[in-house]
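For reference, the structure is listed below as structure tokens.
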Amino acid sequence: MSCLSPESKPDWKAYALGELNPEARVQAEVHAATCTACSEELATLRLTLDMMSTLREEEIPRRIAFVSDKVFEPRWWQRIFSPTFASACVIAVAILAHGLMRPANTDADVDAAVAKAIARFEVKQVDADVANRMQIEDVKQLLIAGMGFQRQ
Amino acid sequence: MIFREVEDPDLIAKARRGDVEAYNLLVSRWEKRVYNYLLRLVSNREDALDVSQEVFLKAYQSLPKLGDPARFAGWLFRIAHNEAFSLLRRKRPETELIGDPRPAAAGSGMLPMELSLAIESALGRLSEDQREAVLLKVYQGFKFDEMAEILDCPVSTVKSRLYTALDLLKVTLSPQIVRGES
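Those protein sequence lines, which keep their order, are chains R and D.
Numbering-wise, the numbering used here comes out as the position in the first sequence, counting from 1, plus 53.
Numbering-wise, the numbering used here comes out as the position in the second sequence, counting from 1, plus 114.
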């Protein structure tokens, strides 16, 4: 059998170059099995491509490598948009803003703060003394009540 | 713990952040392919090496413009194509005066070195466009649509160049084919 019309002939170059889809490949193989002209064309094509593939790649005479240089450093806008740099900027701005917004400490402020703390401590001490005395009174009352119970 | 191999998109991401070492690793993976593609296109080792360096420098500078890292290969060869043809355009008058510097294939036998010379000679007889189509398809394994992107032309043009080139190669190499079969 041979090809009756060029339209019915499979695209052998696409076949040999691996560009046909699986369905078209199967159809082409079925055709080649029954068409002498096409199977010869495909065989010649394969031989040519096999021959081409024997050409070996050459080793590169000198390796290509780059060193860190101004040329390779990211531009200023690339740095700004890098995640690490952007986070560092946000933290720096936050610290600066906090520092600027906080009023400066004077000696009077420090004295006032110390006085406030002492006052708070003294109040706590007075409360503790009162609680302590009340506890002693409660114990005395209990002892007296206990003694009365024993006498009875 | 499962370790996965570092892939090109990983290296591209690091190189985009300015990691030159990651870029050097990426270059080491592609330099041989790019160099050989350029060598067969410009037919001169020094030029191929110079253009390869230029290609990787341009690629580094243009990395932020690369949309999908999975398409790095086609994108890199597009740069290589542009650089090679820029060089060929600059050198064209000189080349035309000198003529075809490639060795003739007549009388070649089937020894590996002679076969290589025959193939190089056959490639040298193709037009630049046809030769490039063969290099991208046969030696670099790109698909027709990828080649169309690299060459910035329709797929039909890619097929036309490649098919014509294959017909010419078949004729040029036929004495070797007959010799190989006998």
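C-beta: ideal position from N, C-alpha, C; glycine also.
Since the structure is predicted, the reported quantities are computational estimates derived from the model, not experimental observations.
Going straight from the alpha carbon of residue i to that of residue j, what length do you get?
i               : j               : result
C142 of chain R : L149 of chain R : 10 Å
A173 of chain D : L282 of chain D : 34 Å
L249 of chain D : E93 of chain R  : 25 Å
T278 of chain D : V79 of chain R  : 25 Å
D266 of chain D : L153 of chain R : 58 Å
V120 of chain R : R99 of chain R  : 45 Å
A232 of chain D : R192 of chain D : 28 Å
D214 of chain D : D133 of chain D : For D214 of chain D, the predicted structure reports a pLDDT of 42, less than 50, and the residue's modelled location is therefore unreliable. A value from the coordinates is still provided. If I take the Cα positions, the gap works out to 43 Å.
E197 of chain D : L171 of chain D : 11 Å
A77 of chain R  : R239 of chain D : 33 Å
P178 of chain D : R130 of chain D : 6 Å
K245 of chain R : V176 of chain R : Nothing in the structure corresponds to residue 245 of chain R, since chain R is present only between 54 and 205.
K169 of chain R : D162 of chain R : 10 Å
G221 of chain D : D161 of chain D : Confidence at G221 of chain D is low in this model, with a pLDDT of 36, below 50, so its placement is unreliable and the value that follows should be read with caution. Each residue's Cα considered, the two are about 30 Å apart.
E242 of chain D : P123 of chain D : 32 Å
R203 of chain D : E234 of chain D : 21 Å
A172 of chain R : A139 of chain R : 46 Å
M104 of chain R : A127 of chain D : 39 Å
V120 of chain D : S142 of chain D : 13 Å
Q254 of chain D : A145 of chain R : 50 Å
E190 of chain R : V179 of chain R : 17 Å
S270 of chain D : A147 of chain R : 60 Å
A166 of chain R : R155 of chain R : 16 Å
L211 of chain D : F199 of chain D : At L211 of chain D, the pLDDT of 43 sits below 50, so the modelled position is not reliable and the matter cannot be decided from this model.
D160 of chain R : L196 of chain R : 54 Å
L163 of chain D : P289 of chain D : 33 Å
R216 of chain D : L201 of chain D : Bear in mind that the predicted position of R216 of chain D carries a pLDDT of just 43, short of 50, making it too unreliable to give a figure here.
V183 of chain R : H151 of chain R : 43 Å
W144 of chain D : N158 of chain D : 19 Å
L280 of chain D : F117 of chain D : 44 Å
T87 of chain R  : L229 of chain D : 33 Å
P183 of chain D : A90 of chain R  : 44 Å
P268 of chain D : E72 of chain R  : 16 Å
C56 of chain R  : L95 of chain R  : 13 Å
A218 of chain D : P226 of chain D : Only weak support is given to the placement of A218 of chain D: the predicted model assigns it a pLDDT of 37, under 50, and the question is left unresolved by the model.
A198 of chain R : A181 of chain R : 26 Å
F186 of chain D : A136 of chain D : 15 Å
T97 of chain R  : P75 of chain R  : 22 Å
I'd like to know whether the C-beta atoms of residue i and residue j end up nearer to each other than 7 Å.
i               : j               : result
A236 of chain D : L287 of chain D : yes
A194 of chain D : V169 of chain D : yes
E111 of chain R : N150 of chain D : yes
T107 of chain R : K284 of chain D : no
S166 of chain D : V148 of chain D : yes
L125 of chain D : L139 of chain D : yes
I264 of chain D : G188 of chain D : yes
V272 of chain D : A262 of chain D : yes
Q244 of chain D : R206 of chain D : no
Mind checking which residues open and close the alpha helix (DSSP H) that includes residue i?
i               : result
E246 of chain D : 242-248
K172 of chain D : 159-176
Q80 of chain R  : 75-87
E72 of chain R  : Note, E72 of chain R: premise wrong, no alpha helix (DSSP H); not H, not E.
V252 of chain D : Element bounds for V252 of chain D: n/a, residue is neither H nor E.
T115 of chain R : Contrary to the premise, residue 115 of chain R reads as Arg rather than Thr in this sequence. It is not in any alpha helix (DSSP H) - R115 of chain R carries neither H nor E in the DSSP assignment.
V272 of chain D : 269-286
R154 of chain D : 134-156
G238 of chain D : 226-238
L108 of chain R : Where L108 of chain R is concerned, there is no enclosing alpha helix (DSSP H), given that its DSSP letter is neither H nor E.
R185 of chain D : First-last for R185 of chain D: undefined, no H or E at that position.
D68 of chain D  : Given a span of 115 to 296 for chain D in the structure shown, any question on residue 68 of chain D remains unanswerable.
R130 of chain D : 122-130
Between the stretch 59-70 of chain R and the stretch 80-90 of chain R, can you find at least three pairs of beta-carbon atoms closer than 8 Å? Verdict: yes, contact present.
Using 8 Å as the threshold, is the stretch 255-270 of chain D in touch with the stretch 95-115 of chain R, meaning 3 or more CB pairs across them? The answer is no - the stretch 95-115 of chain R does not touch the stretch 255-270 of chain D, with fewer than three Cβ pairs under 8 Å.
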